[in-house]
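Structure first, then comments.
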Amino acid sequence: MKMLHFYMIKRFFSTFFFALLAMSVLFIIVDLFEHLENFLDRDLGVLKILEYYLYFIPDILKLVIPIATLLAVLFSVGMFASNNEITAMKSGAMSLYSIMLPFIIASLALSVVQLYFSSEIVPKSNKIKNKLGEQYFGRSARTVYLSNLYIRDNPFKVVNFREYDANKNKGYFLQIQIYSAIDSPRLSESLTADNFYWDPQSNSWKLIGIRKRIFLQNNIKEQLTDSMNYKFSFDQKELTELAKPLDEMTFREQSNFLQFQQKGGKDIKKELTNFYGLIAFPFANFIVILFGVPFASIKQKGGIAIQISAALIISFVYIVFTKLGQIIGYSMNFPPLLSAWLANGLFFLGGIFVLYKTPK
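For the sequence shown, our numbering assigns the number 60 to the initial residue and increments by one for each residue that follows.
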């Protein structure tokens, strides 16, 4: 890379961090005023409020990083254009593609960093933030439970239960269905239990209030049992991990959770669309560069006002297409992966078109 490229990256990141700080502060101020009455009613000190917002910041950053990237590229390239530096670069045989190169590299780096940040850092901070919310602001404790979960325990056995409360280590209404074959399945045995919990002494699940039905050739044999120990392919630790709130799960944990549900035959189209959307969002950092550099490289009348207006319009349209993709993924027979990437795909094509139409 040329020295000029390093200069451009330096200007970009100085603007990026300023925009990131400004938007984060604005976000916190708005949220603070929204909950100010609650803070005063609880008579919380400044330190406790600061502690809460300290762990709120990662979640804020996850949302505003692409907007900060857009503002940074519009302002930095716009400043180059206003000072006739873009004209000087082109006079020195630099094409628009060469001018874009450092911004593309920076945006790809930001996309990778945000992807890791959203997966690994944000869930940990959310866990602490949620606990502080319960402790300081009187919010009811978040019930860590699974509901209506279907699990394919093995090729012949399907397990489902109405609810499992990880805080109490107790579940309600469990049903086990055992089939005779995979290709042409016939229900051979069914077992229901009113309650169940993990028994560490036997390293198995304790079932309470059991009704067992065996489907024979010509009749059904029924057995009632007060309690029994039963072993599944999953233990208490695995079930508790799956019971965590989604905003406290890493991407890997969310993926495992969705695979767990999918194996049981549950329709997870909505959950998959949201999950793929979380992965797609960080790459907006790269896509806004395709819009930002060509637009800002042309000297505009209006200066900063034009840059801010452009950033707001692009951000709004991106959000609209993101929501549209979610609606399509939720309600139509459309692959969740494509639905989640709809906004990125359309904006990528739009960015290529803008780049093509911009004088090089």
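Each residue gets a CB set at the ideal place from its N, CA and C atoms; glycine is no exception.
(Q) So, at 7 angstroms on beta carbons, what are the nonlocal neighbours of F319 in its own chain, with the 5 sequence-adjacent residues on each side left out? (A) Counted from its first residue, the sequence shown places residue 319 at position 260. Correct list, in chain order: I210, L301.
Q. Given A131, which residues of its chain have a CB within under 6 angstroms of its CB, disregarding the five upstream and five downstream residues?
A. Reading the sequence shown from its first residue, position 72 is the one you call residue 131. The residues are F71, T74, F75, A78.
Q.
Considering only their Cβ atoms, is the gap separating M82 from V136 smaller than 7 angstroms?
A. The residue given as residue 136 occupies position 77 in the sequence shown. The residue given as residue 82 occupies position 23 in the sequence shown. No. Outside cutoff.
Q. Hey, out of A252, F215, D224, Y231, whose CA is closest to D242's CA?
A. As a first step, residue 242 must be located in the sequence shown, where it is residue number 183. For D242, the nearest C-alpha among the options comes from F215.
Q | 6 angstroms Cβ shell around Q295 - same chain, five flanking residues per side excluded | A | Residue mapping note: residue 295 aligns to position 236 of the sequence shown, counting from 1. Counting only Cβ-Cβ distances below 6 angstroms, and skipping sequence neighbours, we find W257.
Q) Grouping DSSP H, G and I as helix and E and B as strand, with all else coil, what is D326? A) In the sequence shown, counting from the first residue as 1, residue 326 sits at position 267. D326: coil per DSSP, three-state reduction.
Q: Determine contact between the stretch 338-356 and the stretch 385-404, defined as no fewer than three beta-carbon pairs at a distance below 8 angstroms.
A: yes
Q: Note down the Cα distance separating L205 from D253, rounded to an integer number of angstroms.
A: Within the sequence shown, the letter at position 146 stands for residue 205. Within the sequence shown, the letter at position 194 stands for residue 253. Rounded to whole angstroms, L205 to D253 spans 16 angstroms at the Cα level.
**Q.** In chain order, each alpha helix (DSSP H) run of at least 4 residues that lies wholly inside the stretch 258-317
**A.** 295-301
Q) Mind checking I68: buried by the 16 CB within 10 Å criterion, or exposed? A) Translated into positions along the sequence shown, residue 68 becomes position 9. When all chains shown are included, I68 counts as buried.
Q | With 16 other Cβ atoms within 10 Å as the buried cut-off, status of T417 | A | For the purposes of this step, residue 417 is identified with residue 358 of the sequence shown, where counting begins at 1. Exposed, because fewer than 16 other Cβ atoms sit within 10 Å of the Cβ of T417.
Q | 4 or more residues per run - each alpha helix (DSSP H) lying fully within the stretch 361-403 | A | 363-390, 395-399
Q) What residues in its chain sit with their C-beta under 6 angstroms from that of K329, if we drop five residues either side in the sequence? A) On the sequence shown, position 270 is the one that residue 329 refers to. Around K329: Y389.
**Q.** Minimum C-alpha distance to S299 - residue among S374, S356, V217, N315
**A.** Within the sequence shown, the letter at position 240 stands for residue 299. Note that residue 299 corresponds to Thr in the displayed sequence, not to Ser. Checked all of S374, S356, V217, N315; the closest Cα to T299 is N315.
Q) Which term fits T284, buried or exposed, when burial requires 16 or more other beta carbons within 10 angstroms of its beta carbon? A) The residue labelled residue 284 in the question sits at position 225 within the sequence shown. By the 10 Å Cβ count, T284 comes out exposed.
Q | Boundaries (first-last residue) of the beta strand (DSSP E) holding I450 | A | Within the shown structure, residues of the chain are numbered from 60 to 419, placing residue 450 beyond reach of any answer.
Q) For L208, which of helix, strand or coil comes out of DSSP? A) Reading the sequence shown from its first residue, position 149 is the one you call residue 208. In this structure, L208 counts as strand in the three-state DSSP scheme.
Q. If you check the beta carbons only, do S177 and F345 fall under 7 angstroms apart?
A. Residue mapping note: residue 177 aligns to position 118 of the sequence shown, counting from 1. Residue mapping note: residue 345 aligns to position 286 of the sequence shown, counting from 1. For S177 and F345, no; Cβs fall outside 7 angstroms.
Q: Apply the 10 Å Cβ neighbour rule to T332 and answer buried if 16 or more other Cβ atoms are within range, or exposed otherwise.
A: For the purposes of this step, residue 332 is taken as residue 273 along the sequence shown, with counting starting at 1. Buried, by the Cβ-count rule.
Q. Hey, F274 and L266: beta-carbon distance below 7 angstroms or not?
A. To locate residue 274, count along the sequence shown from 1; it is residue 215. To locate residue 266, count along the sequence shown from 1; it is residue 207. No, Cβ-Cβ distance for F274 and L266 is not below 7 angstroms.
Q.
Rounded to the nearest angstrom, what separates I187 and Y114 at their Cα positions?
A. Residue 187 sits at position 128 when you count from the first residue of the sequence shown. Residue 114 sits at position 55 when you count from the first residue of the sequence shown. In a straight line, the C-alpha of I187 is about 7 angstroms away from that of Y114.
Q) Exposed or buried, I25, counting other C-beta atoms within 10 Å across all chains shown (16 or more means buried)? A) Lying before the first or after the last residue shown, residue 25 is absent from the chain, which here runs from 60 to 419.
Q) By DSSP, does F215 sit in helix, in strand, or in coil? A) Translated into the one-based positions of the sequence shown, residue 215 becomes position 156. Coil.
Q: Give me the Cα-Cα distance between I279 and S286, rounded to the nearest whole angstrom.
A: What you label residue 279 is simply residue 220 of the sequence shown in a count that begins at 1. What you label residue 286 is simply residue 227 of the sequence shown in a count that begins at 1. Whole-angstrom Cα-Cα distance: 21 angstroms.
Q | R272 beta carbon less than 7 angstroms from that of S239 | A | Position 180 of the sequence shown, counting from 1, holds the residue named residue 239. Position 213 of the sequence shown, counting from 1, holds the residue named residue 272. Not a contact, by the Cβ cut-off of 7 angstroms.
Q: Could you tell me which of R245, F139, N219, Y223 sits nearest to I235, measuring between CA atoms?
A: As a working mapping, residue 235 is identified with position 176 in the sequence shown. I235 has its Cα closest to that of N219, out of R245, F139, N219, Y223.
Q) Is it right to say V217 is buried, meaning 16 or more other beta carbons lie within 10 angstroms of its own, or is it exposed? A) The residue you call residue 217 lines up with position 158 of the sequence shown. With 16 or more Cβ atoms within 10 Å of its Cβ, V217 is classed as buried.
(Q) Classify N185: buried if its beta carbon has 16 or more other beta carbons within 10 angstroms, exposed otherwise. (A) Translated into positions along the sequence shown, residue 185 becomes position 126. Under this definition N185 is a buried residue.
Q | Reduced DSSP secondary structure (H/G/I, E/B, other) of S154 | A | Translated into the one-based positions of the sequence shown, residue 154 becomes position 95. Coil, per DSSP.
Q) Hey, which unbroken runs of the alpha helix (DSSP H) at 4 residues or more fall wholly within the stretch 79-141? A) 95-100, 105-141
Q. Which residue comes first and which comes last in the alpha helix (DSSP H) that contains F350?
A. Reading the sequence shown from its first residue, position 291 is the one you call residue 350. Per DSSP, F350 belongs to the alpha helix (DSSP H) from 343-356.
**Q.** Whether I116 touches F86 by CB criterion (7 angstroms)
**A.** Position 57 of the sequence shown, counting from 1, holds the residue named residue 116. Position 27 of the sequence shown, counting from 1, holds the residue named residue 86. No, the pair does not count as a contact, with Cβ atoms beyond the cut-off.
Q | Buried versus exposed call for L80 [16 or more other C-beta atoms within 10 Å across all chains shown] | A | Here residue 80 refers to the residue found at position 21 when the sequence shown is read from its first residue. Looking at its Cβ environment, which holds fewer than 16 other Cβ atoms inside 10 Å, L80 is exposed.
Q: Would you kindly work out how many angstroms separate the C-alpha atoms of A355 and L99, rounded to a whole number?
A: Here residue 355 corresponds to residue number 296 of the sequence shown, with the count starting at 1. Here residue 99 corresponds to residue number 40 of the sequence shown, with the count starting at 1. Going from the Cα of A355 to the Cα of L99 covers about 45 angstroms.
Q.
Could you check whether the Cβ of T417 sits closer than 7 angstroms to any Cβ belonging to chain B?
A. The chain inventory of the structure shown lacks chain B, comprising one protein chain alone.
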